[in-house]
Amino acid sequence: ECFGRLEGDVDLQFLLEGGKLLKVKSSSWKKNRMYKLHDDYTTIWHESHRIFKRKETFSIDDVDSVRKGRQSESLQKHTEAHVEDLCFSIIFKGRRRNLDLVATSVEEAKQWVNGLEKILSNMKKLNRHWIFNCMRKADKNKDNMMTLKELKHFLRQINVEVDETYAKVLFTKCDTSNSGTLEGSEIKLFYDLLTHREEIDVIYEKHAATGGQMSANDLLNFLLNEQREVATLEDALRLIEKYELDDSAKHMNHMTKDGFLMYLQQEEGSIFNPAHKKVYQDMSQPINHYFISSSHNTYLMGDQLKGPSSTEAYIKALMKSCRCVELDCWDGAQGEPVIYHGHTLTSKVLFKDVIKAIKEYAFKTSEYPVILSLENHCTLEQQKRMAKHMSSILGSALLTSPLEDQMPTAFPSPEELKGRFIIKGKRLNKLDAVYSNTSPAVEEDCVSEEDEAAETNNSKTDPNGQKAKKSKIKLAKQLSDLVIYCKSVHFSGFEHAKDNQAFYEMSSFKESKAVNLAETAANAFIHHNMTKLSRIYPAGSRTASSNYNPVPLWNAGCQIVALNFQTPSKEMDVNQGRFRSNGLSGYILKPEFQRYDGSEFNPMTLTKGPWIKHKTLHIMVISAQQLPKLNKDKPKSIVDPLVKVEIYGVPADTCSKETRSIENNGFNPMWNETFQFDIQVPELAILRFQVEDYDATSQNDLIGHYCLPLTSLQNGYRHVPLLTKRGDVLPSAGLFVHLMLLDAK
Numbered sequence: 001e002c003f004g005r006l007e008g009d010v011d012l013q014f015l016l017e018g019g020k021l022l023k024v025k026s027s028s029w030k031k032n033r034m035y036k037l038h039d040d041y042t043t044i045w046h047e048s049h050r051i052f053k054r055k056e057t058f059s060i061d062d063v064d065s066v067r068k069g070r071q072s073e074s075l076q077k078h079t080e081a082h083v084e085d086l087c088f089s090i091i092f093k094g095r096r097r098n099l100d101l102v103a104t105s106v107e108e109a110k111q112w113v114n115g116l117e118k119i120l121s122n123m124k125k126l127n128r129h130w131i132f133n134c135m136r137k138a139d140k141n142k143d144n145m146m147t148l149k150e151l152k153h154f155l156r157q158i159n160v161e162v163d164e165t166y167a168k169v170l171f172t173k174c175d176t177s178n179s180g181t182l183e184g185s186e187i188k189l190f191y192d193l194l195t196h197r198e199e200i201d202v203i204y205e206k207h208a209a210t211g212g213q214m215s216a217n218d219l220l221n222f223l224l225n226e227q228r229e230v231a232t233l234e235d236a237l238r239l240i241e242k243y244e245l246d247d248s249a250k251h252m253n254h255m256t257k258d259g260f261l262m263y264l265q266q267e268e269g270s271i272f273n274p275a276h277k278k279v280y281q282d283m284s285q286p287i288n289h290y291f292i293s294s295s296h297n298t299y300l301m302g303d304q305l306k307g308p309s310s311t312e313a314y315i316k317a318l319m320k321s322c323r324c325v326e327l328d329c330w331d332g333a334q335g336e337p338v339i340y341h342g343h344t345l346t347s348k349v350l351f352k353d354v355i356k357a358i359k360e361y362a363f364k365t366s367e368y369p370v371i372l373s374l375e376n377h378c379t380l381e382q383q384k385r386m387a388k389h390m391s392s393i394l395g396s397a398l399l400t401s402p403l404e405d406q407m408p409t410a411f412p413s414p415e416e417l418k419g420r421f422i423i424k425g426k427r428l429n430k431l432d433a434v435y436s437n438t439s440p441a442v443e444e445d446c447v448s449e450e451d452e453a454a455e456t457n458n459s460k461t462d463p464n465g466q467k468a469k470k471s472k473i474k475l476a477k478q479l480s481d482l483v484i485y486c487k488s489v490h491f492s493g494f495e496h497a498k499d500n501q502a503f504y505e506m507s508s509f510k511e512s513k514a515v516n517l518a519e520t521a522a523n524a525f526i527h528h529n530m531t532k533l534s535r536i537y538p539a540g541s542r543t544a545s546s547n548y549n550p551v552p553l554w555n556a557g558c559q560i561v562a563l564n565f566q567t568p569s570k571e572m573d574v575n576q577g578r579f580r581s582n583g584l585s586g587y588i589l590k591p592e593f594q595r596y597d598g599s600e601f602n603p604m605t606l607t608k609g610p611w612i613k614h615k616t617l618h619i620m621v622i623s624a625q626q627l628p629k630l631n632k633d634k635p636k637s638i639v640d641p642l643v644k645v646e647i648y649g650v651p652a653d654t655c656s657k658e659t660r661s662i663e664n665n666g667f668n669p670m671w672n673e674t675f676q677f678d679i680q681v682p683e684l685a686i687l688r689f690q691v692e693d694y695d696a697t698s699q700n701d702l703i704g705h706y707c708l709p710l711t712s713l714q715n716g717y718r719h720v721p722l723l724t725k726r727g728d729v730l731p732s733a734g735l736f737v738h739l740m741l742l743d744a745k
């Protein structure tokens, strides 16, 4: 049904037949296993030698991506370089371990990767296939007929609690042949009744003014008046051509109800403005005029005390368009520096392996510059190794001198720095030294250590109860010379910075200090950030890798607000929402009032000024579709969903509202509840939807969420995709809302 276009495809035929692949878990655990694609095109079957699981399967829905070559930590470690072209990895969503495989020939490896990628991209285009999938699973004896019992099992699978009578009524309605089973066209009828969207009927019928169908003109009126889009008749015709399934309607330039529903469920009908999926902002401003997606202790997969360190954590962050990653460097064995969270039990990973992974994945999601924030604890010899590895692995992409012919007075832009790596760390001298040949050839010298490192060490006190003095570390010239635009210096107040700090000298602030400054001296902080960069990092007490709210710091113009990317949290959702637009570049241009000298903007007090663009946001939460069951172990547990709508922004705009909960319906709950939000500074506002399973006795469970900048919102009737806790798309779930963002009267 869904994969018709792919049937007959050579790569898919190959997958359907399947073949032996070598599964790699460690140097000693490498075993040949049979793998093949099931004929439902959505499941991979593989043999297992576990006693109770002779045949195992996994769903393509659980796969995040496929990587060609030795691109996982395990394959790098446990296979030889000469099998590079035979290797590939299947990366799963969430926490499931990668599946690392070696094919018997280069051709077979290519076919596996190509075939899997075709299915993955096809999956993303479909969402009605999901119901068919569940129907197939419910047809227990595979006879293409469904009994009442199978029907009830199926309804439970798709999260619809139906009482006996309702199930019987549905069943009898569809069993037109009175055979006691549903087959063929009866299953189709059942499917139609099930996918029927009453709320869409109402909207469609209101606008279908041409013989019961929507003409191109009717559709244009809908786009102009309901969706508030700038649209032409050509746009309406293009949508009909793209989404209408009925050829006779298409021939008359009409759109049927099915075509209309299809349009509403695709990107043109999404809440997120498709124009913002591309880079649409001016990228030629100095780099400090942008918010920069940033990660803290990027090497950690879990907590800060005993969790694993991994190159995989860097890959995941970079693929999520993170543009500033952190490397805590310590002396390792055999003269090779390692990365881990010092003085803890977190595992260690080789510095050179991390640099290789960064080089490989830095520019896959975004081509804009990546900042490598070094926290250096190494001895001189290993620092020289670090400099050597970065120079040899990153090559010409590593920025080793300013772009300008003479001493610059401001930062270059993300556009000028495309594809480049910028090192942030300590430097022995001023940047001017690059332009004068008179600088003494110091090979090494002492500098104070990084503020974040000092904070960790200063939590220790000496025997007299005094805090330890900030220690000095020796810095090798080779490493110092790689620091160009991001020289770390201690912060001694805004006045001191204004009088003494060059633009390229930047400070790191502990979260509590930064939040305090953002609350008590927001305008001074904003002005500081007009000429310099600021990095914020989580408090050392967050040993479980929890996160802090980045919004107050963006309000104060801070660019590098570093979060624990590995931790699913509301704060991380908001971060991903902030960076969802501008082509997932990892750079968002700050509003003009945070960039021009003399701006009096203060997010705490909101005096009159160009930042006030008073808007009213009207949101009607209409319905949700196919919300997943949360408790897979209890076959009868159905969700009781409610929707929270939240605004994050300046304190005056921050607000949260919620709908009532609906009992026992995750399949098509309807709320039709309207909310109104008053917004003063829309350019700093972020809108978040959270769907929860209501529980009277304990905390509600998260079903799904979605977050986007208010400036990327589309008006009108819109579908809102939903993401899991870890940020993966829930394949068929969604919210349906009506929005109007209007100038306040």
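Numbered according to full-length UniProt numbering, the sequence shown spans residues 1 to 745.
All residues carry an ideal CB built from backbone N, CA and C; glycine is no exception.
(Q) Within 10 Å of its beta-carbon, does residue 746 have 16 or more other beta-carbons around it, so buried, or fewer, so exposed? (A) Only positions 1 to 745 of the chain appear in this structure, which leaves residue 746 out of reach.
**Q.** Continuous alpha helix (DSSP H) stretch holding N529: start and end
**A.** The count along the sequence shown starts at 1 and reaches residue 529 at position 529. N529 -> alpha helix (DSSP H) spans A522 to T531.
(Q) Suppose you measure from the CA of Q383 to the CA of G335; what does that come to, to the nearest Å? (A) The count along the sequence shown starts at 1 and reaches residue 383 at position 383. The count along the sequence shown starts at 1 and reaches residue 335 at position 335. Take the alpha-carbon of Q383 and the one of G335: they are about 10 Å apart.
Q: Measure the alpha-carbon distance for A249 versus K173 and round it to whole angstroms.
A: The residue given as residue 249 occupies position 249 in the sequence shown. The residue given as residue 173 occupies position 173 in the sequence shown. One Cα belongs to A249, the other to K173, and the distance between them is close to 28 Å.
(Q) Between the region 260-277 and the region 707-725, can you find at least three pairs of beta-carbon atoms closer than 8 Å? (A) A contact exists between the region 707-725 and the region 260-277.
Q: Give a single yes or no on whether E692 has its beta carbon closer than 7 Å to a heavy atom of the ligand ADP.
A: Annotation note on the ligand ADP: not contained in the displayed structure, which lists no ligands.
Q.
Would the region 614-623 count as touching the region 563-576 if we require 3 or more Cβ pairs under 8 Å?
A. Under the Cβ criterion (8 Å, minimum of three pairs), the region 614-623 does not count as touching the region 563-576.
Q: State the beta-bridge partners of W611 as determined by DSSP.
A: As a position in the sequence shown, residue 611 is number 611, starting the count at 1. Looking at the DSSP assignment, W611 forms no beta bridge with any residue, so it has no partner.
Q | Beta-carbon proximity check, N564 vs N547, cutoff 8 Å | A | Numbered from its first residue, the sequence shown carries residue 564 at position 564. Numbered from its first residue, the sequence shown carries residue 547 at position 547. The answer is yes: Cβ separation under 8 Å.
Q.
Under DSSP, the beta strand (DSSP E) around R385 begins and ends at which residues?
A. Residue numbering aside, residue 385 sits at position 385 when the sequence shown is read from its first letter. Counting along the chain, R385 falls outside any beta strand (DSSP E), though it belongs to the alpha helix (DSSP H) covering L380 to L394.
Q: Please report how far the alpha carbon of Q676 lies from the alpha carbon of Q71, in whole angstroms.
A: Locating residue 676 in the sequence shown gives position 676, where the first residue counts as 1. Locating residue 71 in the sequence shown gives position 71, where the first residue counts as 1. Here the C-alpha atom of Q676 lies approximately 48 Å from the C-alpha atom of Q71.
Q: Provide the residue(s) that pair with Q213 in DSSP beta bridges, ordered along the chain.
A: Indexing the sequence shown from 1 puts residue 213 at position 213. Bridge partners of Q213: T210.
(Q) I'd like to know whether the C-beta atoms of L713 and L687 end up nearer to each other than 8 Å. (A) Counting from one through the sequence shown, the residue named residue 713 turns up at place 713. Counting from one through the sequence shown, the residue named residue 687 turns up at place 687. The Cβ atoms of L713 and L687 lie closer than 8 Å to each other.
Q.
Within the continuous beta strand (DSSP E) that includes G704, where are the two ends?
A. Position 704 of the sequence shown holds residue 704. D701 to P709 is the extent of the beta strand (DSSP E) around G704.
Q: Whole angstroms is fine: what's the gap from C707's alpha carbon to N178's?
A: Residue numbering aside, residue 707 sits at position 707 when the sequence shown is read from its first letter. Residue numbering aside, residue 178 sits at position 178 when the sequence shown is read from its first letter. Rounded to whole angstroms, C707 to N178 spans 49 Å at the Cα level.
Q: Output the boundary residues of the beta strand (DSSP E) element that contains T298.
A: Counting from one through the sequence shown, the residue named residue 298 turns up at place 298. Taken as a continuous stretch (DSSP letters only), T298 belongs to no beta strand (DSSP E), as it is neither H nor E.
Q. Does DSSP put Q111 in a helix, a strand or coil?
A. If you number the sequence shown from 1, residue 111 lands on position 111. Of the three classes helix, strand and coil, the one that applies to Q111 here is helix, per DSSP.
Q) What first and last residue would you give for the alpha helix (DSSP H) that runs through M262? A) Position 262 of the sequence shown holds residue 262. K257 to Q265 is the span of the alpha helix (DSSP H), which, as asked, contains M262.
Q. Expressed to the nearest angstrom, what Euclidean distance is found between the alpha-carbon atoms of S599 and S295?
A. On the sequence shown, residue 599 is found 599 positions in, with the first residue counted as 1. On the sequence shown, residue 295 is found 295 positions in, with the first residue counted as 1. Going by the C-alpha atoms only, they are around 29 Å apart.
Q. So, helix, strand or coil for S512, using DSSP?
A. Residue numbering aside, residue 512 sits at position 512 when the sequence shown is read from its first letter. Under the three-state reduction of DSSP output, S512 falls in the helix class.
Q: Report the residue ranges of all alpha helix (DSSP H) runs contained in full by the region 312-385; include only those spanning at least 4 residues, in chain order.
A: You should have 351-361.
Q | DSSP bridge partner residues for C87 (one or two, in chain order) | A | What you label residue 87 is simply residue 87 of the sequence shown in a count that begins at 1. DSSP output for C87 lists V102 as bridge partner(s).
Q | Integer-rounded CB distance, given that K418 should sit under 8 Å from I393 | A | Counting from one through the sequence shown, the residue named residue 393 turns up at place 393. Counting from one through the sequence shown, the residue named residue 418 turns up at place 418. That belief does not hold up - the Cβ atoms of I393 and K418 are roughly 19 Å apart, past 8 Å.
Q.
Taking the beta carbon of G609 as the centre, do at least 16 other beta carbons fall within 10 Å, making it buried, or is it exposed?
A. By one-based count along the sequence shown, residue 609 stands at place 609. G609 should be labelled exposed.
(Q) My output table needs one value for L237: the three-state DSSP class, helix, strand or coil. (A) Working through the sequence shown from its first residue, we reach residue 237 at position 237. Of the three classes helix, strand and coil, the one that applies to L237 here is helix, per DSSP.
Q.
Using a Cβ distance threshold of 8 Å, determine whether the region 308-317 contacts the region 347-361, with at least three qualifying pairs required.
A. Look at the beta carbons and you see the region 308-317 touching the region 347-361: at least three pairs across the two are nearer than 8 Å.
Q. Under a three-way DSSP split, which group does C174 fall into?
A. On the sequence shown, position 174 is the one that residue 174 refers to. C174: helix per DSSP, three-state reduction.
Q: Could you check if A209 is buried or exposed, using at least 16 other CB atoms within 10 Å of its CB as the buried criterion?
A: Within the sequence shown, the letter at position 209 stands for residue 209. Answer is exposed; the Cβ neighbour count stays below 16.
Q) My guess is that C486 and I371 are in contact by the Cβ rule of under 8 Å, so how many angstroms apart are they, rounded? A) Reading the sequence shown from its first residue, position 486 is the one you call residue 486. Reading the sequence shown from its first residue, position 371 is the one you call residue 371. That pair is a contact at about 6 Å.
Q: Using three-state DSSP, classify V639 as helix, strand or coil.
A: Translated into the one-based positions of the sequence shown, residue 639 becomes position 639. Looking at V639 - three-state DSSP - the assignment turns out to be coil, as it is neither helix nor strand.
Q.
Which residue wins for smallest C-alpha separation from A652, given the options S661, S512, P628 and T607?
A. As a first step, residue 652 must be located in the sequence shown, where it is residue number 652. When each option's Cα is compared against that of A652, the closest is T607.
Q) Skipping 5 residues on each side, what residues in its chain have a beta carbon closer than 7 Å to that of T79? A) Translated into positions along the sequence shown, residue 79 becomes position 79. These residues qualify, in order along the chain: V24, R70, C87 and V102.
Q | Residue burial classification, Y368 (beta-carbon count within 10 angstroms, cutoff 16) | A | Residue 368 sits at position 368 when you count from the first residue of the sequence shown. With 16 or more other CB atoms across the displayed protein chains lying within 10 angstroms of its CB, Y368 is buried.
Q | 4-residue-minimum alpha helix (DSSP H) runs that sit fully inside the region 543-587, ordered along the chain | A | 551-555 and 570-578
Q: Go ahead and label P709 buried or exposed: buried means 16 or more other beta carbons lie within 10 angstroms of its beta carbon, across all protein chains shown.
A: As a position in the sequence shown, residue 709 is number 709, starting the count at 1. The residue is buried, with at least 16 neighbouring Cβ atoms inside 10 Å.
Q. Hey, how far is the Cα of H129 from the Cα of V681?
A. Indexing the sequence shown from 1 puts residue 129 at position 129. Indexing the sequence shown from 1 puts residue 681 at position 681. Because the pLDDT of H129 is 49, which lies under 50, any placement of that residue in the model is unreliable, and the question is left without a value.
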